[in-house]
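Chemist: What follows is a single structure, and I will ask about it in a moment.
Chains as they are written, first to last, in the numbering used here: chain A, 1 to 320; chain B, 321 to 640.
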């Protein structure tokens, strides 16, 4: 009988779900439904439960046995409880998501694991994406938030209470700008999308150029491609700061690969080239040797794919 | 038959060695002999081999079976080869220490492992010292150099080529002072002993106080205890910067404990109290919860004890 792993990615707008073939790790089915987050956590949990039941039925009809279910969520996830989830309004405090979801799924015999979405991203890219074949991978998601996930010695490293890998909240300038987390000079405060937009506006203002309304990182990136020098410089300065962070991660983890995803990463070479250059100048030469810095490959499905991999009993990376 | 683990710590001045009871991990024998580093690597390797033979004979005479031998050395250690060892003159480039040492010990059947001294420090403090009982421990050695060792999920994390845990070379101020490694604003450049002495001299100069000849961190620490306000302030400023680094490690590793050793750590509360205060203000609250920041407990023997633990077949931490 064919076996499969189920993964769900709980986003603020959509719930993405996949079934992965348990051997090849290839996607068999993928689906996306709205989260309806405005209806509150009870509704969202019923929608998740319904999606799991639906996928189990579909799998059954194809004679596929689902051996594990994983769920990725923003926020701090520890032992099935989600805290500080920024994109789920009304999820104040701690939501015991695993317990509540199991209550909606009486009789469920398949193991269910819940983890942070950046951890799922790192797992997915390590086992199925840009980091495939590597044992030590640092995953970084660049967007409004800057998140991190760590695959070390072939396994996800979660820390003592699920709080490891908060790479966006490591300071590269202790007297730098205040971050939302309370610290100063965090990578998120330096290379997150809010900082990029601010950098672009400041640069245009200093150059006596008119400010651009409704500017976003996506617009700055497309302007860079059209040789807007302020946009190119904004992304290069951002990349250089990112490179400081990357050098720190190289000296900390000595990884084989760093995989970079998230919306900001779509600025591609405009950010990554200066980032890699700065990283190589700053990191210890023996940690630079052979390092691969790669753009993520799985796009918006990384979260769901990584969730499916959470409960793989043996999560040693495979070289194939 | 009683079994034991042998550990040797190759320092620039002395070679320390221990036999640990393999069950209790208590020290059975400890010894210290001069390294004679000035005679070159060949002589040092013969001295190491002689010490191993001597300890094996002593063990044999006490009916103790040695099941593993570990050796700690400064520098980058990968697959038995030592690079960049700062305190062994004449060890230019890469020294294949494991191979050369085995050549001096023909017929040796006991597994021999070589690793970095900061890794040994972290292992020793986790299994036998201040971090005992914890699964996730960040070890930090503060001295002229600032080194790090990582015990994650109960195991030493070495990285892909032995270069992980270079925590002294993570930048907390990307435009800060140049570090010997080539980077800027590294923790070592901010809180290493050279930076502390410079901070004290600068402060005395600014206060129109006479400079103190032959000043060291040990002297600054003893002056702090005698209420020299410049010394107290120097150590407090150093501690605050150390706290920035500690916050980064908390958000990166979510450890249960950080164990701090090395000469600078002997300044005790004058550095650690401001460091812990700053760390708690900067790290994510969920990573601060329950964290223990502790002074190392094993003193100068940590390196040899940790070396003995390197080849423990199962290096899961024990709670006892």
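Using N, Cα and C, we set each Cβ at its ideal position, and we do this for glycine too.
What three-state label does DSSP hand residue 517 of chain B in the structure shown?
Modeler: Indexing the second chain from 1 puts residue 517 of chain B at position 197. Helix at residue 517 of chain B.
Chemist: Quick check on DSSP: helix, strand or coil for residue 586 of chain B?
Modeler: In the second chain, counting from the first residue as 1, residue 586 of chain B sits at position 266. DSSP places residue 586 of chain B in helix when its eight states are reduced to three.
Chemist: Could you give the first and the last residue of the continuous alpha helix (DSSP H) run that contains residue 403 of chain B?
Modeler: To locate residue 403 of chain B, count along the second chain from 1; it is residue 83. Careful: residue 403 of chain B lies outside any alpha helix (DSSP H), inside the beta strand (DSSP E) at 401-403.
Chemist: Can you check which of these residues, B:377, B:355, B:401, is closest to residue 413 of chain B by C-alpha distance?
Modeler: Residue 413 of chain B sits at position 93 when you count from the first residue of the second chain. Looking at the Cα atoms, B:401 is the closest of the given residues.
Chemist: Which residues does DSSP list as the beta-bridge partners of residue 178 of chain A?
Modeler: Within the first chain, numbered from 1, the residue matching residue 178 of chain A stands at position 178. Paired residue(s): A:184.
Chemist: Is residue 165 of chain A near the ligand MN, in the sense that its beta carbon is under 7 Å from a heavy atom of that ligand?
Modeler: Of the ligands one can find in the structure shown there are none, so the ligand MN has no counterpart to examine.
Chemist: Measuring CB atoms only, is the segment 199-213 of chain A touching the segment 232-244 of chain A, in the sense that at least three cross pairs come out at less than 8 Å?
Modeler: Short answer: they touch.
Chemist: Count the other CB atoms within 10 Å of the CB of residue 569 of chain B; is the residue buried (16 or more) or exposed (fewer)?
Modeler: Here the question's residue 569 of chain B lines up with position 249 in the second chain. The residue in question, residue 569 of chain B, is buried, as its Cβ has 16 or more Cβ neighbours within 10 Å.
Chemist: DSSP puts residue 326 of chain B in a beta bridge; with which residues?
Modeler: Counted from its first residue, the second chain places residue 326 of chain B at position 6. Answer by DSSP bridge pairing, in chain order: B:339, B:389.
Chemist: Kindly list the residues whose CB is nearer than 8 Å to the CB of residue 589 of chain B, restricted to its own chain and excluding five residues on each side of it in sequence; keep chain order.
Modeler: Residue 589 of chain B sits at position 269 when you count from the first residue of the second chain. Within the same chain, residue 589 of chain B has no close Cβ partners at all.
Chemist: Could you give the residue range of the beta strand (DSSP E) that holds residue 292 of chain A?
Modeler: Stepping through the first chain from its first residue, residue 292 of chain A is reached at position 292. Per DSSP, residue 292 of chain A belongs to the beta strand (DSSP E) from 292-295.
Chemist: Residues bridged to residue 351 of chain B by DSSP?
Modeler: Position 31 of the second chain, counting from 1, holds the residue named residue 351 of chain B. Bridge partners of residue 351 of chain B: B:337.
Chemist: Is the shortest distance between the beta-carbon of residue 73 of chain A and the beta-carbons of chain B less than 8 Å?
Modeler: Locating residue 73 of chain A in the first chain gives position 73, where the first residue counts as 1. Chain B contact via Cβ: absent.
Chemist: Nearest CA to the CA of residue 541 of chain B: which residue from B:562, B:513, B:564?
Modeler: Stepping through the second chain from its first residue, residue 541 of chain B is reached at position 221. The option with the nearest alpha carbon to residue 541 of chain B is B:513.
Chemist: Measuring CB to CB, does residue 511 of chain B end up less than 8 Å from residue 470 of chain B?
Modeler: Within the second chain, residue 511 of chain B is the residue found at index 191, counting from 1. Within the second chain, residue 470 of chain B is the residue found at index 150, counting from 1. Contact flag unset, no.
Chemist: Of the choices A:126, A:144, A:286, A:158, whose alpha-carbon is the least far from that of residue 180 of chain A?
Modeler: Numbered from its first residue, the first chain carries residue 180 of chain A at position 180. It is A:144.
Chemist: Show which residues of chain B have a CB atom less than 7 Å away from the CB atom of residue 163 of chain A.
Modeler: Numbered from its first residue, the first chain carries residue 163 of chain A at position 163. Simply 574, 604, 606, 607.
Chemist: Nearest chain A C-beta to residue 542 of chain B closer than 8 Å, yes or no?
Modeler: Here residue 542 of chain B corresponds to residue number 222 of the second chain, with the count starting at 1. It does not; no Cβ of chain A falls within 8 Å.
Chemist: Three or more beta-carbon pairs under 8 Å between the segment 527-535 of chain B and the segment 576-593 of chain B, yes or no?
Modeler: With a cut-off of 8 Å, the segment 576-593 of chain B and the segment 527-535 of chain B do not count as touching, because too few Cβ pairs lie within range.
Chemist: Put residue 171 of chain A into one of helix, strand or coil per three-state DSSP.
Modeler: Taking the first chain and counting its residues from 1, the one referred to as residue 171 of chain A is at position 171. It is a strand residue.
Chemist: Compare the C-alpha of residue 458 of chain B against each of B:572, B:366, B:605 and name the closest.
Modeler: For the purposes of this step, residue 458 of chain B is identified with residue 138 of the second chain, where counting begins at 1. Considering only alpha carbons, the answer is B:572.
Chemist: Could you give the distance in angstroms between the alpha-carbon of residue 54 of chain A and the alpha-carbon of residue 64 of chain A?
Modeler: As a working mapping, residue 54 of chain A is identified with position 54 in the first chain. As a working mapping, residue 64 of chain A is identified with position 64 in the first chain. Answer to the nearest angstrom: the Cα atoms are 13 Å apart.
Chemist: Would a check of beta-carbon distances place residue 455 of chain B closer than 8 Å to chain A?
Modeler: By one-based count along the second chain, residue 455 of chain B stands at place 135. Residue 455 of chain B counts as touching chain A.
Chemist: Are the segment 392-400 of chain B and the segment 367-381 of chain B touching, with three or more C-beta to C-beta distances below 8 Å?
Modeler: No: the two stretches stay apart, fewer than three of their Cβ pairs being nearer than 8 Å.
Chemist: Between residue 442 of chain B and chain A, is there a C-beta pair that is closer than 8 Å?
Modeler: Locating residue 442 of chain B in the second chain gives position 122, where the first residue counts as 1. For residue 442 of chain B, the answer is no, since every Cβ of chain A falls outside 8 Å of its Cβ.
Chemist: At a CB-CB cut-off below 8 Å, which residues of chain B make contact with residue 171 of chain A?
Modeler: Residue 171 of chain A sits at position 171 when you count from the first residue of the first chain. Neighbours of residue 171 of chain A on chain B, chain order: 492, 564, 567, 568, 602.
Chemist: Note down the Cα distance separating residue 66 of chain A from residue 185 of chain A, rounded to an integer number of angstroms.
Modeler: Start at 1 with the first residue of the first chain, and residue 66 of chain A comes out as number 66. Start at 1 with the first residue of the first chain, and residue 185 of chain A comes out as number 185. If you take the alpha carbons of residue 66 of chain A and residue 185 of chain A, they lie about 45 Å apart.
Chemist: Got a sec: is the Cβ-Cβ distance from residue 159 of chain A to anything in chain B below 8 Å?
Modeler: As a working note, residue 159 of chain A is residue 159 in the first chain. At least one chain B Cβ lies under 8 Å of residue 159 of chain A.
Chemist: Residues of chain B with a CB under 9 Å from the CB of residue 97 of chain A: which are they?
Modeler: As a working mapping, residue 97 of chain A is identified with position 97 in the first chain. By Cβ distance, chain B contributes nothing, its closest Cβ being about 16 Å from residue 97 of chain A, past 9 Å.
Chemist: Using a beta-carbon distance below 8 Å, is residue 486 of chain B in contact with chain A?
Modeler: Taking the second chain and counting its residues from 1, the one referred to as residue 486 of chain B is at position 166. It does: the Cβ of residue 486 of chain B has a partner Cβ on chain A nearer than 8 Å.
Chemist: Per DSSP, what kind of secondary structure is residue 543 of chain B in: helix, strand or coil?
Modeler: Position 223 of the second chain, counting from 1, holds the residue named residue 543 of chain B. Three-state DSSP puts residue 543 of chain B in a helix.
Chemist: Cutting at 7 Å between CB atoms, please list the residues of its own chain near residue 482 of chain B, excluding the five before and the five after it.
Modeler: Position 162 of the second chain, counting from 1, holds the residue named residue 482 of chain B. 396, 397, 398, 436.
Chemist: Across which residues does DSSP place residue 537 of chain B in a beta bridge pair?
Modeler: Here the question's residue 537 of chain B lines up with position 217 in the second chain. According to DSSP, residue 537 of chain B bridges with nothing at all.
Chemist: Once you ignore the five residues that flank residue 427 of chain B on each side, which residues in its own chain have a CB closer than 8 Å to its CB?
Modeler: One-based indexing of the second chain puts residue 427 of chain B at position 107. Excluding sequence neighbours, residue 427 of chain B sits near nothing in its chain.
Chemist: Give a yes or no on contact between the segment 120-128 of chain A and the segment 290-310 of chain A, applying the rule of three or more CB pairs nearer than 8 Å.
Modeler: Yes, the segment 120-128 of chain A is in contact with the segment 290-310 of chain A.
Chemist: Tell me the DSSP secondary structure of residue 132 of chain A in three-state form.
Modeler: Within the first chain, the letter at position 132 stands for residue 132 of chain A. Three-state result, residue 132 of chain A: coil.
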